[in-house]
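Position one of the sequence shown corresponds to residue 1 (the numbering used here), numbered consecutively onward.
The beta-carbon is built from N, C-alpha and C at its ideal position, and this holds for glycine as well.
Predicted model, so just to flag it, every value in this text is computed and none were measured.
This report refers to the structure that appears directly beneath it.
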Amino acid sequence: MHAHQRVIVAMIDGLDPAYLDGGTMPVLTGLGAQGTSGIVDAISPTVTNANNAGISCAAWPAEHGITGNSYFNPATGEADYMEDWTHLTQPTLLERVTTAGGKAALLTAKKKTVRLLGNRTTLAVAAEEPGSEFTDRYGPAPDIYSAEINHWLWGVAVDLLATQPDLDFLYVHTTDYPMHAWPPGDPRTIAHLRRLDELIGEAVAAAPDAAFFATADHGMNGKNLVHDLSQALANRHAPVRFALSAEKDRYVKHHRTFGGTAWIWLHHPADESNVAQTLSSLPGVETVLRREEAASRFHLNPDRIGDLVALGDRDTVFGELPTGRESEQLPQEYRSHGSLYEQKVPLFASNNADYPYTRQPSHNKDLLAPLLGAWTIDS
């Protein structure tokens, strides 16, 4: 007997609202029609780790600590991926469930999500590296750079829900590789999402008593220009200590590490005005914010972002380019995220009688807010 209503969470990476046009996911939208649905804002920067943490903790980055996919440590002068659970400054709902004596499982396409959210879970599996226990039962997982890996992942979810009725909380995180690869309306997009939708329907049918929640971490847009800010600024007599795309992670084939938000660390505080003005003069740089402004506006941990923050327009991203190349025109098919233009995402909740909303969610981080009162951690 469950102390609380079971929960299924679908975090559909990169599900821009445009992907739902034309009725591509009738099960998902139908569930929302029975309960709560809407278009909400993702956390900025619109990258996976900051939003995955926000959704699973029901908190802002200022509270959970994850400000992007990567970070730079000014004390050591080294950059690294922000993908380990030790970077979290607040417990996830998965951890809350197991600490309270329940059972919580994390299923994800990406290994990095296990490292970030898998601490103190009953089960944490990445389809990218599932282990023999899972491949023996479900067959080999498809390649991480495929649409089929999401279908394999949700097939596992359906089976867990059917065979483990004592599972209190299931969080399923797909990969956005198909969204990076194909725009809305592409036949490959439609095939991917229709099958995903069918599997979500099977999961709900396998656990009809469960509350169902779904959202995305960011949208997706075509981009046509990338700047290497370190090189561009140095070439304009405004050198900086370090510039980093907030989107940079290990999945280079997705986006070449390019994203629409960049952190910039200065050599000296006195450089701020010159660097900010130079950044603002670059084509496609829409907004430049000081650390304190960005932390306040986007609810970020100021110790984990740069001295300056650059935001790209809808068509522009930032990242590292070969030496001697400060900018590059991107191919027509290139798609990415990270800017304010990928902030709109869908949100759905259904059959959540034990977890009612006290107000309409405004951000994806609000998706699981009603669960905080049910799964408390004693201080």
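How big is the Cα-Cα spacing for Asn235 and Ile264?
-> Position 235 of the sequence shown, counted from the start, is the residue given in the question as residue 235. Position 264 of the sequence shown, counted from the start, is the residue given in the question as residue 264. Taking the straight line joining both Cα atoms gives about 16 Å.
Keeping to the same chain, check which residues put their C-beta closer than 8 Å to that of Thr36; ignore five residues upstream and five downstream.
-> Start at 1 with the first residue of the sequence shown, and residue 36 comes out as number 36. Cβ contact annotation for Thr36 (same chain, cutoff 8 Å, sequence separation greater than five): Leu347, Phe348, Ala349, Ser350, Asn352, Tyr357, Gln360 and Pro361, in chain order.
Excluding five sequence neighbours on each side, which residues of the same chain lie with their C-beta closer than 6 Å to the C-beta of Gln343?
-> Position 343 of the sequence shown, counting from 1, holds the residue named residue 343. Result list for Gln343: Asp41, Ala42 and Thr46, in chain order.
For Glu328, which residues does DSSP report across the bridge?
-> On the sequence shown, residue 328 is found 328 positions in, with the first residue counted as 1. Note: Glu328 sits in a beta bridge opposite Val226.
Around the Cβ of Ile55, are there at least 16 other Cβ atoms within 10 angstroms (buried) or fewer (exposed)?
-> Working through the sequence shown from its first residue, we reach residue 55 at position 55. The residue is buried, with at least 16 neighbouring Cβ atoms inside 10 Å.
Would you say Gln5 and Ala295 are within 8 Å of each other, going by their C-beta atoms?
-> Here residue 5 corresponds to residue number 5 of the sequence shown, with the count starting at 1. Here residue 295 corresponds to residue number 295 of the sequence shown, with the count starting at 1. No, the Cβ-Cβ distance between Gln5 and Ala295 is not below 8 Å.
Mind reading off the beta-carbon distance from Ala246 to Ala262? Whole number of angstroms is fine, and I expect it under 8 Å.
-> As a first step, residue 246 must be located in the sequence shown, where it is residue number 246. As a first step, residue 262 must be located in the sequence shown, where it is residue number 262. Confirmed, Cβ separation roughly 7 Å.
Same chain, Cβ closer than 7 Å to Arg241, five either side skipped, listed in chain order | Locating residue 241 in the sequence shown gives position 241, where the first residue counts as 1. The answer, listed in chain order, is Trp265, Leu266 and His267.
Evaluate contact between the segment 140-152 and the segment 117-129, counting only Cβ atoms and requiring at least three cross-stretch pairs below 8 Å.
-> Flag = yes, the segment 140-152 and the segment 117-129 touch.
Cβ of Asp228 within 8 Å of Cβ of Arg335?
-> As a working mapping, residue 228 is identified with position 228 in the sequence shown. As a working mapping, residue 335 is identified with position 335 in the sequence shown. No, the pair does not count as a contact, with Cβ atoms beyond the cut-off.
Helix, strand or coil for Glu286 per DSSP?
-> Locating residue 286 in the sequence shown gives position 286, counting from the first residue. Here Glu286 sits in strand by DSSP.
Have a look at Gly312 and Thr287 and give me their C-alpha separation to the nearest angstrom.
-> Residue numbering aside, residue 312 sits at position 312 when the sequence shown is read from its first letter. Residue numbering aside, residue 287 sits at position 287 when the sequence shown is read from its first letter. If I take the Cα positions, the gap works out to 7 Å.
Reduced DSSP secondary structure (H/G/I, E/B, other) of Met11 | Translated into the one-based positions of the sequence shown, residue 11 becomes position 11. The answer is strand: DSSP assigns Met11 an E or B state.
The beta strand (DSSP E) with Lys344 in it runs from where to where?
-> Counting from one through the sequence shown, the residue named residue 344 turns up at place 344. Per DSSP, Lys344 is one residue of the beta strand (DSSP E) stretching across Lys344 to Ser350.
With DSSP as the reference, please indicate the residues paired to Glu148 in a beta bridge.
-> Position 148 of the sequence shown, counted from the start, is the residue given in the question as residue 148. Its beta-bridge partners do not exist; DSSP assigns none.
Kindly give me the distance between the Cβ atoms of Thr215 and Asn364, rounded to whole angstroms, as I take these residues to be in contact under 8 Å.
-> The residue given as residue 215 occupies position 215 in the sequence shown. The residue given as residue 364 occupies position 364 in the sequence shown. With a Cβ gap of about 4 Å, Thr215 and Asn364 count as contacting.
Whole beta strand (DSSP E) runs in the segment 16-75 with 3 or more residues, listed along the chain?
-> Inside the segment 16-75, DSSP marks whole beta strand (DSSP E) runs of 3 or more residues at positions 36-41 and 70-73, from first to last along the chain.
Note the first and the last residue of the continuous alpha helix (DSSP H) segment covering Asp80.
-> Sequence index remark: in the sequence shown, residue 80 carries index 80 (1-based). Where Asp80 is concerned, there is no enclosing alpha helix (DSSP H), although the beta strand (DSSP E) it sits in stretches over Glu78 to Tyr81.
Helix, strand or coil for Tyr341, going by three-state DSSP, please let me know.
-> Position 341 of the sequence shown, counted from the first residue, corresponds to residue 341. Note: Tyr341 maps to helix in three-state DSSP.
In terms of residues, what are the limits of the beta strand (DSSP E) holding Ile200?
-> Residue numbering aside, residue 200 sits at position 200 when the sequence shown is read from its first letter. No beta strand (DSSP E) holds Ile200; the alpha helix (DSSP H) holding it covers Pro187 to Ala206.
Return helix, strand or coil for Leu367, following the three-state DSSP convention.
-> As a working mapping, residue 367 is identified with position 367 in the sequence shown. Residue state, collapsed to three classes: coil.
N-terminal and C-terminal residue of the beta strand (DSSP E) that Leu170 is part of | Residue mapping note: residue 170 aligns to position 170 of the sequence shown, counting from 1. For Leu170, the uninterrupted beta strand (DSSP E) run begins and ends at Phe169 to His173, by DSSP.
Counterpart residues of Val317 in DSSP-defined beta bridges | Within the sequence shown, residue 317 is the residue found at index 317, counting from 1. Val317 is bridged by DSSP to Val226.
Check the C-beta distance from Leu28 over to Ile200 and give it rounded, since I have them as a contact under 8 Å.
-> For the purposes of this step, residue 28 is taken as the residue at position 28 of the sequence shown. For the purposes of this step, residue 200 is taken as the residue at position 200 of the sequence shown. That belief holds up - the Cβ atoms of Leu28 and Ile200 are roughly 6 Å apart, short of 8 Å.
Contacting residues, own chain, Cβ-Cβ under 8 Å from Leu225 (five flanking each side not counted) | Counted from its first residue, the sequence shown places residue 225 at position 225. Within the same chain, Leu225 has close Cβ partners Pro283, Gly284, Asp315, Thr316, Val317, Ser327, Glu328, Gln329 and Leu330.
Quick one: Cα of Leu384 to Cα of Phe213, how far?
-> Residue 384 cannot be examined here, being either before or after the span of the chain that is shown, 1 to 379.
Neighbourhood of Met25 by C-beta distance below 6 Å, restricted to the same chain and skipping five residues each side = If you number the sequence shown from 1, residue 25 lands on position 25. If we look at Met25 and ignore the five residues flanking it on each side, its Cβ neighbours are Leu193 and Asp197.
Have a look at Asn221 and His87 and give me their C-alpha separation to the nearest angstrom.
-> Taking the first residue of the sequence shown as 1, we reach residue 221 at position 221. Taking the first residue of the sequence shown as 1, we reach residue 87 at position 87. Spanning the two alpha carbons is a distance of roughly 29 Å.
Secondary structure at Val240, three-state DSSP: helix, strand or coil?
-> As a position in the sequence shown, residue 240 is number 240, starting the count at 1. Looking at Val240 - three-state DSSP - the assignment turns out to be coil, as it is neither helix nor strand.
For Glu95, is the classification buried or exposed, using 16 other Cβ atoms within 10 angstroms of its Cβ as the cut-off for buried?
-> Sequence index remark: in the sequence shown, residue 95 carries index 95 (1-based). Buried, because 16 or more other Cβ atoms sit within 10 Å of the Cβ of Glu95.
Among the residues of its own chain, which have a CB less than 8 Å from the CB of Arg291, if the five just before and after it don't count?
-> Counting from 1 along the sequence shown, the entry for residue 291 is found at position 291. Around Arg291: Pro302, Ile305, Gly306, Asp307, Leu308 and Val309.
Beta-carbon proximity of Tyr177 to Met11, cut-off 8 Å | For the purposes of this step, residue 177 is taken as the residue at position 177 of the sequence shown. For the purposes of this step, residue 11 is taken as the residue at position 11 of the sequence shown. Contact flag unset, no.
To the nearest whole angstrom, what separates the beta carbons of Trp60 and His299, a pair I think is in contact under 8 Å?
-> On the sequence shown, residue 60 is found 60 positions in, with the first residue counted as 1. On the sequence shown, residue 299 is found 299 positions in, with the first residue counted as 1. Right, their Cβ atoms sit about 4 Å apart.
Nearest to Leu93 by CA position, among Asp84, Val7 and Tyr19, is which residue?
-> Within the sequence shown, residue 93 is the residue found at index 93, counting from 1. Nearest C-alpha to Leu93: Val7.
For Asp80 and Phe72, the rounded distance between their alpha carbons | Numbered from 1 along the sequence shown, position 72 holds the residue referred to as residue 72. Numbered from 1 along the sequence shown, position 80 holds the residue referred to as residue 80. Phe72 and Asp80 have their C-alpha atoms roughly 6 Å apart.
In terms of residue numbering, what span does the beta strand (DSSP E) encompassing Phe213 cover?
-> In the sequence shown, residue 213 corresponds to position 213, counting from 1. Run containing Phe213: Ala211 to Thr215, per the beta strand (DSSP E) assignment.
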